Structure formats: structure tokens, C-alpha cells
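Asker: Next up is a structure, given as C-alpha cells.
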Amino acid sequence: MSSAYLLVSHGSRDRRPQAAIGEIAQKWQQQMETRSHSTNITDFSRVGSATLELNVLPLHLQIKEFGEQAIAAGYETLEILPLFLLPGVHVMEDIPSEVAQAQTLLPSRLKIKLHPYIGAHPQWKQIFAQQIATLDTPTTILFSHGSRRLQGNQPVEELASELGITPAYWSISPTLNEQVAKLANTGYSQIGIQPYFLFPGGITDAIAQTVTDLQAEYPKIHLQLGQIIDSSAILELLSTN
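Using this note's numbering, the letters of the sequence shown map in sequence onto residues 115 to 355.
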């Protein structure tokens, strides 16, 4: 049979990210059933989700549990898709390690295939460029979480350079405050701010508040906060993986 799929995210105490992932998994499952003109008659959902952190079970046991269900439903391949935008420690070290542990716990007849993180998808830049285009401003800041891992921010720097926009980070310098001040001193009266996050959560809420505070600090400058990528775009990328 065809593959079963497991979407792996970071995990959050906020319910919104997992709710969004659950919706994506459900829609993807429905798409596959429609294309095959059949429905899965077992209790097994072909598309599942797991988290690296904040779960009762560690990731390798979540993979093992889902893999056992996939085997029972007749699947021979389990494809794991990390829902991350940057090649940080989680993507480059933690997830591969957990997948390797899970493979040792599952029968060899189930092949596990670990895909690159979604931010590395060849169509990601095109989709994100379309998102940037929705901002009606002469200049834009690409606002990412940021990584202290060596070269962990290189994809953000490259994306910002290719799109002709300015990078800023939540956890490291240059910060949003620093980049807004720099652009304001350059003479811009309108600045777009595009969050580089997959799902809404505590950080995106804090970003909105930060932009509100900055707007009060720079009353003569119009700051336009963009929306995060729509879940339909994420689903489109997963469907072409």
C-alpha cells in the first residue's frame, strides 16, 4: 500500500498550533481518499501528528505507536515530515535521533523515510513571496524566531536577500526594534512586518503587541503587520512532497 504520514512539530502549551496541524492532517487525509475514490475502512488515520516536546511520550515512542498502527493497517512505509522553518538543533539533531530510535523499535518491514523540514521545500520561497506581496508597503521586515546554532539563520538571510527585504529576529540581534529604528532613520514612512512562523501562538501574540508598542513609539510611521502563512499553503506543500 502507499505510505502513511506523520507530521512532526515542536509542541506547544498553546492549543492553536496543534489544532491547526490536526486540521491540515484531516484535510490531507480527505484529499488522498478523494483521489483514490475510496475511504479507509479501518480505524487508522493515514495522516497523523506528533510533537518533539510537551507530549506524554517522547517522539520516538510516538513514532513507534503510529508505526505499529500503520503496519496493522497494511502500510509498508512511514514518511515523517518535520513542520519547521529553520535547520536548527531540533531539525538537524533531535528529530533524526528520535527517528533512528523509533526504527530500532519497529519491525524492519516498515520503512521510515524522514523528509527535509518544510522550510527547505523548493516551492516555499514562491509561496512566501506571494505572502509578502500582500503587504502594501515600500519595505518589509522578515521577522523570524532566530537560532543561535551556527548558520541556523542562513535560510532566513538568503530568503530576505532574494526577496529584497530586511531580516530581524525575536531571540537574537538584529531585533525588530533595531530594524524598525534603522529603516525609520533611513526615511521610510511605511514598513511592513512579515512574521516567519507557521502557526499562531504565544510568540505571534507577543509580536502583535510589540508592533503595537512600536507604533506608539513611531507615530509618524505606518507599521503593517502581515499574517502568517495560511494552512492551505502548508497543505499544498505537503501534498507535493
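Beta carbons are placed, not taken as given, at the ideal position from N, Cα and C, and that holds for glycine. Please read all numbers here as calculations on a predicted model, not as lab measurements.
Compute the distance between the beta-carbons of proline 314 and isoleucine 348, then report whether it is under 9 Å.
Answerer: The count along the sequence shown starts at 1 and reaches residue 314 at position 200. The count along the sequence shown starts at 1 and reaches residue 348 at position 234. Contact flag unset, no.
Asker: For threonine 280, is the classification buried or exposed, using 16 other Cβ atoms within 10 angstroms of its Cβ as the cut-off for buried?
Answerer: Mapped onto the sequence shown, residue 280 falls at position 166. By the neighbour-count rule (16 or more Cβ atoms within 10 Å), threonine 280 is buried.
Asker: In angstroms, rounded to a whole number, what distance separates the CA positions of phenylalanine 158 and alanine 187?
Answerer: Here the question's residue 158 lines up with position 44 in the sequence shown. Here the question's residue 187 lines up with position 73 in the sequence shown. If you take the alpha carbons of phenylalanine 158 and alanine 187, they lie about 7 Å apart.
Asker: Using the three-state DSSP reduction, which class does glutamine 338 fall into: helix, strand or coil?
Answerer: Taking the sequence shown and counting its residues from 1, one reaches residue 338 at position 224. Residue state, collapsed to three classes: strand.
Asker: Using 10 angstroms around the beta-carbon of threonine 354, count the other beta-carbons present and answer buried if the total reaches 16, otherwise exposed.
Answerer: On the sequence shown, residue 354 is found 240 positions in, with the first residue counted as 1. It counts as exposed.
Asker: Skipping 5 residues on each side, what residues in its chain have a beta carbon closer than 7 Å to that of aspartate 128?
Answerer: Residue mapping note: residue 128 aligns to position 14 of the sequence shown, counting from 1. Cβ within range, chain order: Gly315 and Gly316.
Asker: Spatial neighbours of lysine 178 within its chain, please: C-beta separation below 8 Å, excluding the five flanking residues on both sides.
Answerer: Your numbering for residue 178 matches position 64 in the sequence shown. Closer than 8 Å at the Cβ level, and outside the excluded window around lysine 178, lie Ala216, Leu219 and Leu220.
Asker: For a minimum of 4 consecutive residues, which ranges assigned as the alpha helix (DSSP H) are wholly contained in the segment 201-233?
Answerer: 209-219
Asker: Within the continuous alpha helix (DSSP H) that includes serine 353, where are the two ends?
Answerer: Here residue 353 refers to the residue found at position 239 of the sequence shown. Start and end: 345-353.
Asker: Starting from proline 281, follow its DSSP beta bridges and name the residues at the other end.
Answerer: As a working note, residue 281 is residue 167 in the sequence shown. The bridge partners DSSP lists for proline 281 are Leu256.
Asker: Between which two residues does the beta strand (DSSP E) harbouring glutamate 193 extend?
Answerer: Mapped onto the sequence shown, residue 193 falls at position 79. First-last of the beta strand (DSSP E) with glutamate 193: 191-196.
Asker: In the DSSP assignment, what residue or residues form a beta bridge with serine 126?
Answerer: Reading the sequence shown from its first residue, position 12 is the one you call residue 126. Per DSSP, none; premise fails for serine 126.
Asker: Looking at the secondary structure, which residues open and close the alpha helix (DSSP H) in which isoleucine 305 lies?
Answerer: Here residue 305 is taken as the residue at index 191 of the sequence shown, counted from 1. Not the alpha helix (DSSP H): isoleucine 305 falls in the beta strand (DSSP E), residues 304-309.
Asker: So is serine 303 buried or exposed if we call it buried at 16+ other beta carbons inside 10 Å?
Answerer: As a first step, residue 303 is located in the sequence shown; it is residue number 189 there, counting from the start. Classification for serine 303: exposed.
Asker: Secondary structure at leucine 120, three-state DSSP: helix, strand or coil?
Answerer: Counted from its first residue, the sequence shown places residue 120 at position 6. The answer is strand: DSSP assigns leucine 120 an E or B state.
Asker: DSSP beta-bridge partners for glycine 136?
Answerer: Counting from 1 along the sequence shown, the entry for residue 136 is found at position 22. Answer is none; glycine 136 lacks a bridge partner.
Asker: For isoleucine 155, I'd like the list of residues in its chain whose CB is within less than 7 Å of its CB, leaving aside the five on either flank, ordered along the chain.
Answerer: Counting from one through the sequence shown, the residue named residue 155 turns up at place 41. A caution first: isoleucine 155 carries a pLDDT of 48, below 50, which makes its placement in the model unreliable, though a value can still be read off. None.
Asker: Kindly indicate the opening and closing residues of the beta strand (DSSP E) around alanine 164.
Answerer: Translated into the one-based positions of the sequence shown, residue 164 becomes position 50. In the DSSP assignment, alanine 164 falls within the beta strand (DSSP E) that extends over 161-165.
Asker: So, with DSSP's three-state summary, where would you put threonine 324?
Answerer: Mapped onto the sequence shown, residue 324 falls at position 210. Correct three-state label for threonine 324: helix.
Asker: Would you decide whether asparagine 267 is buried or exposed? Buried here means 16 or more other CB atoms lie within 10 Å of its CB.
Answerer: The residue labelled residue 267 in the question sits at position 153 within the sequence shown. Looking at its Cβ environment, which holds 16 or more other Cβ atoms inside 10 Å, asparagine 267 is buried.
Asker: Who are threonine 289's beta bridge partners in DSSP?
Answerer: Numbered from its first residue, the sequence shown carries residue 289 at position 175. In the DSSP assignment, threonine 289 forms a beta bridge with Tyr283.
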